[in-house]
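Just below is one structure, and these are the notes that go with it.
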Ligand code: PA5
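Residue numbers (the UniProt record's numbering): 1 to 445.
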């Protein structure tokens with residue numbers, strides 16, 4: 001379903017050294033399977049795809065249908081792992097322009113709770129003023145400030161505009177089974193709710209209702225998405241030989257590159273629809289591996305757009321980077337370059353070619369140039385932008401991340417570092433319970 005090619009890293013590291021990770025990969029796989037490694041209370045994602053039942057999908061689809069029937073717009077309120085997965089899949093699969101048309105086949109999906117922008121929230125609430133809208137409030141902890149703040153505004157507006165009864169129908173909560181303010185509100189108000197399993201961390205939760213519900217509302221086939229992930233669960237299983245397991249090879253190669261001074265991985269795409277897959281991937285790897293003063297820095301670019309900005313740095317800047325290119329084999333549509341008699345733009349050499357042929361040559365030409373410039377390149381090929389491929393790609397990155405984090409020696413499933421800013425923000429805002437921190441931080445200002 002996906003293929004990984006590391007040939008163009010081999011002028012920089014040796015195949016022998018990559019294959020020398022076999023034992024470490026095996027140990028990481030055993031630790032994941034047996035739950036004996038760090039963060040072993042967060043391994044619910046590992047066999048999540050194959051454990052999703054038809055009944056669960058039917059429940060999600062029925063709720064999605066209620067929102068589809070009653071909403072022109074659905075706002076997904078969430079941040080980090082509680083939003084990026086849904087956005088990644090929806091943007092990868094959506095037509096880039098139909099949301100601008102008057103006649104829509106699915107509600108427009110908008111996002112909130114992933115920033116604290118007053119203008120953003122003002123403009124969103126203004127836009128929603130004459131819309132039949134619903135809200136999915138997604139937060140595992142149920143207490144994340146960004147999301148809670150946006151939800152407070154949206155809940156009030158939805159109730160004011162649509163009435164309490166309809167609001168109850170079009171507001172859904174996805175949160176912890178028992179704890180957190182989002183759970184309390186959902187239970188008090190009688191919202192339909194879905195549970196985020198205790199043992200699935202935010203950034204590994206795309207195949208829980210966190211991702212599946214918004215994706216179903218947007219009109220995509222969550223059965224096929226899950227089927228793609230199930231396929232990848234098999235392809236990357238622990239009994240698959242090292243050389244045939246793309247997740248094992250990816251994890252080993254990136255660790256070997258890191259050991260050789262390549263501190264930054266740039267995820268490259270040649271399809272603008274993959275922008276948010278990169279955002280999701282950045283969180284997955286950044287939050288999982290960036291700790292104990294180590295970890296590859298995950299960066300991302302959209303080519304060929306960013307070849308006209310970041311391309312210079314990548315070609316000739318500090319040689320601490322490598323690239324992982326996601327290449328989509330087949331386009332969804334067909335468009336050929338027309339011939340032009342006057343040829344004033346000099347483009348007749350492209351006449352008759354598909355736009356994607358030009359894109360693929362940009363990709364190949366760039367890869368060769370960057371390798372010549374000292375940038376090792378890996379290439380992941382997916383067959384097409386469809387539910388199966390994307391489901392497979394997401395699971396591939398998750399399992400590779402678990403293996404890679406264990407090779408690095410960190411706990412890939414916690415994120416202690418994100419608490420530091422929250423503590424300061426709460427102290428500065430005089431949140432009850434932060435009195436000592438408030439005093440301490442005032443003294444520093
Ligand atoms: O991966 C993670 O755990 C985080 O990115 C969380 O998803 C993010 O902080 C949002 O947390 P919550 O779902 O509790 O609102």
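Positions of the beta carbon are idealized from the N, C-alpha and C atoms, including for glycine.
Predicted model only: the values in this text are computed from it and were never measured.
According to DSSP, residues forming a beta bridge with residue i
i           : result
residue 232 : Answer by DSSP bridge pairing: none, since residue 232 is not bridged.
residue 278 : In DSSP, residue 278 forms no bridge with anything.
residue 294 : 291
residue 378 : 324
residue 110 : 75
residue 173 : 137 and 193
Own chain partners of residue i with C-beta closer than 6 Å, once the 5 adjacent residues on each side are dropped
i           : result
residue 426 : 434
residue 288 : 401, 405 and 412
residue 84  : 279, 280 and 283
residue 197 : 44
residue 50  : 230 and 233
Nonlocal neighbours in the same chain, by C-beta distance under 7 Å from residue i, ignoring five residues either side
i           : result
residue 169 : 66 and 70
residue 79  : 113, 114, 144, 146 and 147
residue 396 : 2, 232, 236, 246 and 247
residue 321 : 262, 264, 266, 314 and 375
First and last residue of the uninterrupted beta strand (DSSP E) at residue i
i           : result
residue 138 : 133 to 139
residue 348 : No beta strand (DSSP E) contains residue 348, which DSSP labels as neither H nor E.
residue 265 : 264 to 269
residue 1   : Run containing residue 1: none; DSSP gives neither H nor E here.
residue 194 : 192 to 195
residue 249 : Note, residue 249: premise wrong, no beta strand (DSSP E); alpha helix (DSSP H) at 246 to 259.
residue 74  : 73 to 77
residue 341 : Residue 341 -> no beta strand (DSSP E), and no H or E assigned at all.
residue 20  : Residue 20 -> no beta strand (DSSP E), and no H or E assigned at all.
Residue i CB to nearest heavy atom of the ligand PA5 below 6 Å
i           : result
residue 113 : no
residue 183 : no
residue 203 : yes
residue 141 : yes
residue 195 : no
residue 80  : yes
residue 147 : yes
residue 324 : no
residue 144 : yes
For residue j and residue i, the rounded distance between their alpha carbons
i           : j           : result
residue 334 : residue 92  : 17 Å
residue 141 : residue 191 : 17 Å
residue 398 : residue 255 : 16 Å
residue 75  : residue 186 : 16 Å
residue 228 : residue 221 : 11 Å
residue 407 : residue 296 : 12 Å
residue 299 : residue 323 : 9 Å
residue 17  : residue 150 : 49 Å
residue 30  : residue 37  : 9 Å
residue 137 : residue 77  : 5 Å
Residue i, enclosing alpha helix (DSSP H) - first and last residue
i           : result
residue 168 : 145 to 170
Neighbourhood of residue i by C-beta, 8 Å cutoff - its chain only, sequence neighbours within 5 removed
i           : result
residue 224 : 386, 387, 388 and 391
residue 339 : 348, 351 and 352
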